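*Asks:* Here's a structure for you.
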């Protein structure tokens, strides 16, 4: 089944737009140290406020089904335009425009003069004020620029087509729409009264939190950690309790686009369930059995890895794991922690699937030659992911989290017919594991550290609540189809109520 709903599709940014976003964000992060100056920031924008705010219902639609028809909304609903300027303590100046009027350079200049009078009556008087607005024509007209120059305010740069970097868009207006959902107003006066009540009723810290989220939205990841695991395995058998036997990490500094040869982590791990590697496993991983025999077990190696992160000051919210596939974290890491009966750590709850990004960025004409392109560029797992990542950065593309783990997904509500040969067929085994493992990989469309780090996309909880140790969609119908118990499952507490 799938859920149908309306959603905003971001404007397709040109390379110049993308470069402007990065440059402006870095400028704002580096020129204005600390957060105290954000307490003197005034931001603002305009929003249509509708007299009738109908509740938009979503529909669950099965595969192959059509959504139920619903009456179209009025093409010309009654509405009034709100213009608001606000800061960490709330609205400083706001007004409802006369009917039929929209923002022009002249009107915006008049509003700025009214705003300046309000500022002079506030705690911001005689302080250095920062101003932020978007790049709508009235906001950047010559007369507006001249007016602001006379105030001595510091006007922040704002990249084009970036509502996600405007506090009114990502914070205030969305909350306002939710507050007004389902309400109807019979007059302009009723709208004005509702707005007064709304502005006054926001909880303590609401406006401050919205402004201070800017720093997190400007901040890009500082480092990319290319992560690779080797595991125990058997030939032609996927129903196997895989254990991590090697952890490898290579670091790329994003700003310098440098592979940090001096900052690498590589440790062998001694498995517990299968302490003796099969000949097949040794052959495909290239790992010597003696290296495994003298290695520490996974809990010790993981503690060493955390210590290594601290040693190099890799703050968990400001680096991203880069993996060549979903299996690295969703399958291998999740299963390893399940074997230990431990929740997946926060740092493993989101990552970048770099091969998927690479495929998207490749010109369409090269898709047929993708395996050849990869073979020419890369050798081995770590080399593949590292060089792909470096190439993407060198081409001035940004890299962020593209996948995260969630505890519930719609596709698991549709019954699965288990392939009788799933134990020896990779794709079939992955379909079964998606049902068996508590957490599922999901696409990340937008990622902001402060809002999304370690949060389950479904329940919106962090790992303390969404532990991944309790299956929220237990696949009873899958277990019933198995001819014999799964070794993969029985090695853990999966399938146990």
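In this note's numbering, the protein residues as written are 930 to 1426. Beta carbons are placed, not taken as given, at the ideal position from N, Cα and C, and that holds for glycine. Owing to the predicted nature of the structure, the values given are computational and were not obtained by experimental measurement.
#1: Give the C-beta separation of residue 1037 and residue 978 to the nearest angstrom, bearing in mind that I take them to be a contact with Cβ-Cβ under 8 Å.
#2: Are there 16 or more other CB atoms within 10 angstroms of the CB of residue 1176, so buried, or fewer, so exposed?
#3: Please go through the same chain and pick out, in chain order, the residues whose beta-carbon is closer than 8 Å to the beta-carbon of residue 1407, but skip the five residues on each side of it.
#4: Could you please give me the residues that DSSP links to residue 1180 through a beta bridge?
#5: Which residues in the same chain have their Cβ closer than 8 Å to the Cβ of residue 1412, if we skip the five residues on either side of it in sequence?
#6: Look at the Cβ atom of residue 1201, then the Cβ atom of residue 1226, and state whether they are nearer than 8 Å.
#7: Quick check on the burial criterion: 16 or more other C-beta atoms within 10 angstroms. Buried or exposed for residue 1273?
#8: Helix, strand or coil for residue 1173 per DSSP?
#9: Return the Cβ separation of residue 1196 and residue 1230 in integer angstroms, given the expectation that the two are a contact with Cβ distance under 8 Å.
#10: For residue 1335 and residue 1367, I'd like the C-alpha separation in whole angstroms.
#11: Which one or two residues does DSSP pair with residue 1059 in a beta bridge?
#12: Determine the extent of the alpha helix (DSSP H) in which residue 1265 is found, giving its start and end residues.
#13: Anyone know if the C-beta pair for residue 1373 and residue 1331 falls short of 8 Å?
#14: Smallest Cα separation from residue 1137: which of 1118, 1044, 1096 and 1370?
#15: For the stretch 1081 to 1139, which segments carrying the alpha helix (DSSP H) assignment without a break, of at least 4 residues, lie completely within its bounds, in sequence order?
#16: Can you give me the C-alpha to C-alpha distance between residue 934 and residue 1110, rounded to a whole angstrom?
#17: Whether or not the stretch 1158 to 1167 and the stretch 1049 to 1059 are in contact is what I'm after, with contact meaning three or more pairs of Cβ atoms, one per stretch, closer than 8 Å; do they touch?
#18: Could you check which residue in 1203, 1132 and 1094 has the C-alpha nearest to that of residue 1104?
#19: Taking the beta strand (DSSP E) that residue 1023 falls in, what are its first and last residues?
#20: Specify whether the stretch 1234 to 1249 and the stretch 1316 to 1324 touch according to this definition: at least 3 beta carbon pairs, one from each stretch, less than 8 Å apart.
#21: Please name the residue, chosen from 1342, 1354 and 1382, that lies closest to residue 1402 on a Cα-to-Cα basis.
#22: Give the single residue among 1377, 1369 and 1416 whose Cα lies nearest to the Cα of residue 1396.
#23: Rounded to whole angstroms, what's the CA-CA distance from residue 1400 to residue 1279? Just pull it up for me.
#24: Going straight from the alpha carbon of residue 1418 to that of residue 1204, what length do you get?
#25: On the three-state DSSP scale, how would you describe residue 1373?
#26: Suppose you measure from the CA of residue 1101 to the CA of residue 1352; what does that come to, to the nearest Å?
#27: Check residue 1412 in the structure and name its three-state DSSP category.
#28: Which class does residue 1273 belong to by DSSP, given the choice of helix, strand or coil?
#29: Please report the Cβ distance between residue 1154 and residue 1180, rounded to the nearest whole angstrom; I am assuming they are in contact, meaning their Cβ atoms lie under 8 Å.
#30: Assign residue 1129 to one of two classes, buried (16 or more other C-beta atoms within 10 Å of its C-beta) or exposed (fewer than that).
#31: Give the single residue among 1275, 1090, 1118 and 1183 whose Cα lies nearest to the Cα of residue 1025.
#32: Could you give the DSSP three-state label for residue 1008: helix, strand or coil?
*Replies:* The structure says:
#1: Rounded to whole angstroms, the Cβ separation of residue 1037 and residue 978 is 18 Å, and the two are not in contact under 8 Å.
#2: buried
#3: Only 1345, 1347, 1361, 1364 and 1365 meet the Cβ criterion.
#4: Looking at the DSSP output, residue 1180 sits in a beta bridge with 1154 and 1189.
#5: 1349
#6: yes
#7: buried
#8: strand
#9: Yes, residue 1196 and residue 1230 are in contact; Cβ-Cβ is about 5 Å, under 8 Å.
#10: 8 Å
#11: 970 and 1083
#12: 1263 to 1268
#13: Going by C-beta atoms, residue 1373 is nearer than 8 Å to residue 1331.
#14: 1096
#15: 1102 to 1109 and 1117 to 1130, all fully within the stretch 1081 to 1139.
#16: The predicted position of residue 934 is uncertain, since its pLDDT is 39 and thus under 50; no value can be drawn from it.
#17: no
#18: 1132
#19: 1019 to 1025
#20: Touching, no.
#21: Considering only alpha carbons, the answer is 1342.
#22: 1369
#23: Their backbone Cα atoms lie some 19 Å apart in a straight line.
#24: Note on geometry: alpha-carbon atoms of residue 1418 and residue 1204 lie some 19 Å from one another.
#25: coil
#26: 52 Å
#27: coil
#28: For residue 1273, the three-state secondary structure derived from DSSP is coil.
#29: 6 Å
#30: Exposed, since its Cβ has fewer than 16 Cβ neighbours within 10 Å.
#31: 1118
#32: strand
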